[in-house]
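Novice: So the sequences go chain by chain: A and B.
The first sequence: position 495 = 643 (the numbering used here), numbered continuously.
The second sequence: position 55 = 76 (the numbering used here), numbered continuously.
A virtual CB, placed ideally from N, CA and C, is assigned to each residue, including glycine.
Just so we're clear, the structure is a prediction, and the values are computed from it rather than from any experiment.
Handing you this structure, nothing more for now.
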Amino acid sequence: MPDWAPEVCTRLSSLRLSPAREKEIVDELSQHLDDRWHELVAGGTAPDEAARLALAEFRGGDLLAKYMAPLRQAQSPPPLTPGVPSAHVLTGLWQDLRYAARMFSKQRGFAAAAALTLALGIGATTAIFSVVYGVLLKPLPFHESERLVSLGHNSPDGGRNHGRATYFTYRDNQRAFEDIGAWDRNQVTITGRGDPQQIDVLSVSDATLPLLRVQPLLGRVFTKEDDAPGRPLRAILTYGYWQRRFGGAANVLGQPLIIDGRPAEVIGVLPLSFKFPRSNNAVMLLPMQLDPAGATGISFGFQVLARLKPGVTMSQANADLARMISLLPRGFEMLKLQPNVRTQAAYVIGNIGDVLWILFAAVGVVLLIACGNVANLFLVRAEGRQHELAMRAALGASQGRLARALLSESVLLALAGGALGLVLAQATIGLLRQLAPARLPRVDEMGIDPTVLLFTLGISLLSGAFFGLTTVLKFGRPGAIALKEGRSASDAPGRHRARNALVVTQVALALMLMIVSGLMIRTFVAMRQVEPGFTHPEAVQTFSLSIPAGVISDARQMARTFETIARRLEQVPGVTSAGMSSSITMDGENNGNSINVEEFPIPEGTLAPLYRFKSFAPGYFETMGNRIVAGRSITWTEIYEGHPVILISEILARTYWKEPARALGKRVRTSSRRPWREIVGVVGNEHDDGLNHPATPIVYWPLLNDSYPRRTIAYAVRSDRAGTAAFQRELEQAVWSVNANLPLAAVQTLDEIQARSMAQTSFTMVMLAIAASVALLLGVVGIFGVITYIATQRTREIGIRMALGAQSGDVRQMFLRHGLLLTATGIALGIGFALLLSRVLSALLFGVGPMDPTTYAAVSGVLAAVALLATYLPARRASRVDPVVALRADL
Amino acid sequence: MTAINTRALDRELKRGSAELLILSLLDARPRHGYELSKLIRTRSGGHLTFHIDSLYPLLYRLEERGWIKGAWVEKPDERRRRFYSVTAEGRRVLAQQKKTWAAFVEAVRRVTGDEHA
């Protein structure tokens, strides 16, 4: 009788059988071959031939190994040596990570899907965090910037900054601060060095730069003498301006300049690192030279900053300011000023903080949804591995060891997602810089720096821990049942509870984001429908022009020049009209003066109401496309002859007289020392503070008036050619043909001004819409995944149902019901979330309430429709199962 | 139906039926592998044959699932033999598979069977 053992062993050699098991199999198969051999020999076959025939039962060379390979006994691990301590924890962790990496390299589709989903969430969160950090959290670039504060006032009429009275009173009486400094933004005209140029400057008092601890690169900063009124003008250059205009020349100190027609001298250059928040465009610093003589009038217009003495708290600082408010000259008590000392950082950030935090929360929600999807993927995968986990447990792996293995896999994947996310974030930040509203402070400070990197690492690890733990909690304690049941897990509905809960949460979060973004879109639409006080802004070219006293000192002659320029502009080809005003709608200019109406005397002891004022000249309203509601405009003759006439806006007319026409002929004045002026016209409303603000009450003065002389004027020119470079060049030539020393500044179309005033809303809208779309996509993928998976799991059941007579429609309905139940629960929960947010949101909204039922209904409808589709596709596939194929599912 | 599909169906039916056959044969009494292969061959009139390299992996698979259980039986002057018997779980599966098959056969009969039945 032949020895079969070598034959059998060869065929088992490619398997990882334990030696004992291999011996058993060899015994069993040898017995089988023995029996066959005996049978053949008994039937008359020669022994050698019988041996050949018996071995022919092994058909191909490796069929046995191939059929055995899927069995667990063919995968036994190498033996453990008892008593030998397991390797160091870190080595173990390293092993786990390597093992996980090997597994993922074999499941590329799974790993790629999970990592990409995470990258989307982590990338978006990182990008917005870099903005939040750069704008809100990073300290200002000044020494001990936490002690830098902004001094302001609150009052019943809103916030108030400073005038000479408050500045000098506080500077001379304060106790809580090292010192206080004033600052303001201005524009000046530089002549005498090539083309005339209008530049942005920062005016400061002598204490301001020392308070910021700024050291000049060259020369010195302003002294008390430089800042005294009437002293020769000195200028400090920023690094960029020094490089551009002076070629970085070392001998720049002492060089002469003509600033607004006044001779000045360069005394210093600031380092490249100098950045004054909220004044990014200023290229030169000038002393304010405020005059303390007669500084008792009520006026406001510039800012004050200070540095707290060491150890002084904000409340002590506010108390000190409150004390000083009572020291202000007579008349100030009517304003009911309250102290408002806040950190310089809070002042710089302003109200953009709310928007950024909301965006940050939105992308956080997207990340959560992404984590939910990946958690689902892991749950599905773990279900297919119950056997493996149970086997590892049976072979002695502790629960902790299993948990570590599972967590290593999820963390590894999360880190991969994080790395991909960083790439995505880098691209997004570039895009954000383009999209960010111009008023977003410190835009240039956002980017991927060590803090942002640390944040990305942190959220990657957290995400990994989140979906890793979901798996550990559900499958980390495999029992004997798992070993026994193995793959043919039961189809009880309870098994899908974790997955269902994840999907419901995802749908709810996605809906919440969609509602928020829907409300922003409605806000945007509502803003577009507001009549801003002009028409066809794309066809209006605007620019500003200054005539410094050094160029033309006589006011009347200055006005003549402005008029001549307007006439010349009208002759440029394509121009239909041209006009001018001290400020164009929404350009950010904000000047107020108090108005006494003859018919409505102000009670003693109260302050006349403040209204915005603008000076204008004929042609302005026609050019802007604003209508005269009642009465008429003014003429150039009235301007030159100083007629006491005035126009007001419709909202102001209605405030006093209900009907615009009834305002005509009524008289107003700014104070008892000034002459009465007659209202000759009422103009259509202007939304001067932005489309999302109510119409601004405005008083329109003739261009030339004693109360408010202005040397800077904004031109508006209506033409279909507005916005083209050639047109702007022709306008410039027209201006210079009148006076070659006048630079054009702030050249922009009215459309651009309007877009800028809507920038914060459109930025928020676009960002939220992107977040909501990604959330919707991920949420829908979640529903699709779960229904598809459950359908696959129940293929066999479906097959039996259909073999027993169920129609495909019944099966389809079964899954549709399940999907719709998940969606409906998610939608209900999401509406609840959104309602909770309504209070935070209302600050961002305009023309739509935070609980707007239309938006809620429409968005829920869209989500439900998409979710229905995501359910229908797998349901339809399930209902087309071939019973024959389905029935073999488990065999 | 194309030729490929016919072959695929054939394979699936055989694979499913193989388990059913083994469980049925063992349901009567414990048997060893050679006896099983011989019984299937003779009772099917030679239509069904199990080769050694597919029979034993199938037995081990059923054993891993807990549907059958093997035990070594030793007799003097003979090699030890491994006898397999059906477990309680195996009986449950067998009953269910029989029912499924009956339902399937009935369904097929309804579709293809004669109209007078």
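Report the option in 1030(A), 936(A), 784(A), 928(A) whose CA atom is closest to the CA atom of residue 954(A).
Specialist: Selected option, being the one with the closest Cα: 1030(A).
Novice: Could you check the C-alpha separation between residue 684(A) and residue 484(A) for me, to the nearest Å?
Specialist: For residue 684(A) and residue 484(A), the distance between alpha carbons rounds to 42 Å.
Novice: Residues bridged to residue 785(A) by DSSP?
Specialist: In DSSP, residue 785(A) forms no bridge with anything.
Novice: Under a three-way DSSP split, which group does residue 93(B) fall into?
Specialist: Strand at residue 93(B).
Novice: Taking residue 711(A) and residue 765(A) to be in contact with their CB atoms under 8 Å, please state how far apart those CB atoms are, rounded to whole angstroms.
Specialist: Correct: roughly 7 Å between the Cβ atoms.
Novice: So, using beta-carbon positions, are residue 471(A) and residue 325(A) closer together than 9 Å?
Specialist: No, the Cβ-Cβ distance between residue 471(A) and residue 325(A) is not below 9 Å.
Novice: Output, in sequence order along the chain, the residues in the segment 91-106 of chain B whose CB is closer than 7 Å to any CB in chain A.
Specialist: Listed in sequence order: 100, 101, 102, 103.
Novice: Report the option in 992(A), 288(A), 153(A), 582(A) whose CA atom is closest to the CA atom of residue 361(A).
Specialist: With distances taken between Cα atoms, residue 361(A) lies closest to 288(A).
Novice: Checking the sheet assignment: what are the DSSP bridge partners for residue 834(A)?
Specialist: 844(A).
Novice: Do residue 867(A) and residue 597(A) have their CB atoms nearer than 9 Å?
Specialist: Contact flag unset, no.
Novice: Distance, Cα to Cα, residue 388(A) vs residue 420(A)?
Specialist: So the two alpha carbons sit approximately 7 Å from each other.
Novice: At what residues does the alpha helix (DSSP H) containing residue 348(A) begin and finish?
Specialist: Counting along the chain, residue 348(A) falls outside any alpha helix (DSSP H), though it belongs to the beta strand (DSSP E) covering 345-352.
Novice: From the DSSP output, in three-state form, read off residue 521(A) for me.
Specialist: Three-state DSSP puts residue 521(A) in a helix.
Novice: Can you pull out the residues from the segment 114-129 of chain B whose beta carbon lies closer than 7 Å to at least one beta carbon of chain A?
Specialist: So the close ones are 121, 124, 125, 128.
Novice: Hey, could you find the ends of the beta strand (DSSP E) residue 324(A) is sitting in?
Specialist: Note, residue 324(A): premise wrong, no beta strand (DSSP E); not H, not E.
Novice: So with CB distances below 8 Å, who are the chain B contacts of residue 178(A)?
Specialist: Per Cβ cutoff of 8 Å: 100.
Novice: Determine the DSSP secondary structure at residue 103(B), reduced to helix, strand or coil.
Specialist: Three-state DSSP puts residue 103(B) in a strand.
Novice: Under a three-way DSSP split, which group does residue 803(A) fall into?
Specialist: The answer is helix: DSSP assigns residue 803(A) an H, G or I state.
Novice: I want to see whether chain B comes within less than 9 Å of residue 206(A), judged by CB atoms only; does it?
Specialist: Yes - at least one Cβ of chain B is within 9 Å of the one on residue 206(A).
Novice: Could you name the residues of the same chain whose beta carbon sits closer than 6 Å to that of residue 386(A), not counting the 5 residues immediately before and after it, in chain order?
Specialist: For residue 386(A), where only same-chain residues beyond five positions count, the Cβ hits under 6 Å are 418, 431.
Novice: If you compare alpha carbons, which of 98(B), 117(B), 43(B) is closest to residue 64(B)?
Specialist: Out of 98(B), 117(B), 43(B), 43(B) has the C-alpha closest to the C-alpha of residue 64(B).
Novice: For residue 105(B) and residue 80(B), which I take to be in contact (beta-carbon distance under 8 Å), what is that distance rounded to the nearest angstrom?
Specialist: Indeed, because the Cβ distance is near 6 Å, the residues count as touching under 8 Å.
Novice: Would the beta-carbon of residue 906(A) fall within 9 Å of that of residue 672(A)?
Specialist: Result yes, Cβ atoms of residue 906(A) and residue 672(A) sit closer than 9 Å.
Novice: Answer with buried or exposed for residue 728(A), where buried requires no fewer than 16 other C-beta atoms within 10 angstroms of its C-beta.
Specialist: Classification of residue 728(A): buried, given that the 10 Å Cβ count is 16 or more.
Novice: Considering only C-alpha positions, which residue in the set 461(A), 917(A), 329(A), 251(A) is nearest to residue 664(A)?
Specialist: Residue 917(A) is the option with its Cα nearest to residue 664(A).
Novice: So for residue 230(A), helix, strand or coil by DSSP?
Specialist: Annotation note: pLDDT 39 at residue 230(A) (below 50); position unreliable, coordinate value reported separately. Correct three-state label for residue 230(A): coil.
Novice: What's the C-alpha gap between residue 577(A) and residue 318(A)?
Specialist: Each residue's Cα considered, the two are about 42 Å apart.
Novice: Determine the DSSP secondary structure at residue 849(A), reduced to helix, strand or coil.
Specialist: Three-state result, residue 849(A): strand.
Novice: What residues match up with residue 335(A) in a beta bridge as DSSP calls it?
Specialist: Beta-bridge pairing links residue 335(A) to 348(A).
Novice: Just to confirm, are residue 506(A) and residue 658(A) a CB contact at a threshold of 9 Å?
Specialist: Not closer than 9 Å, so no.
Novice: Which of the three DSSP states is assigned to residue 699(A) in this structure?
Specialist: Three-state result, residue 699(A): coil.
Novice: Determine which residues of the segment 51-77 of chain B have a Cβ less than 7 Å from any Cβ of chain A, and write them out in chain order.
Specialist: Of all residues in the segment 51-77 of chain B, 54, 55, 72, 73, 74, 75, 77 have a Cβ within less than 7 Å of some Cβ in chain A.
Novice: Does residue 170(A) come out as helix, strand or coil in the three-state DSSP assignment?
Specialist: Note: residue 170(A) maps to helix in three-state DSSP.
Novice: Which bits of chain B does residue 212(A) rub up against, with CB to CB less than 8 Å?
Specialist: Within 8 Å Cβ-Cβ: 73, 74, 77, 78.
Novice: Taking only three categories from DSSP, how would you classify residue 640(A)?
Specialist: The predicted model places residue 640(A) with a pLDDT of 47, which falls under 50 and marks its position as unreliable; any figure quoted below should be read in that light. Correct three-state label for residue 640(A): coil.
Novice: Specify the secondary structure class of residue 1039(A) as computed by DSSP and reduced to three states.
Specialist: Because the pLDDT of residue 1039(A) is 46, which lies under 50, any placement of that residue in the model is unreliable, and the question is left without a value.
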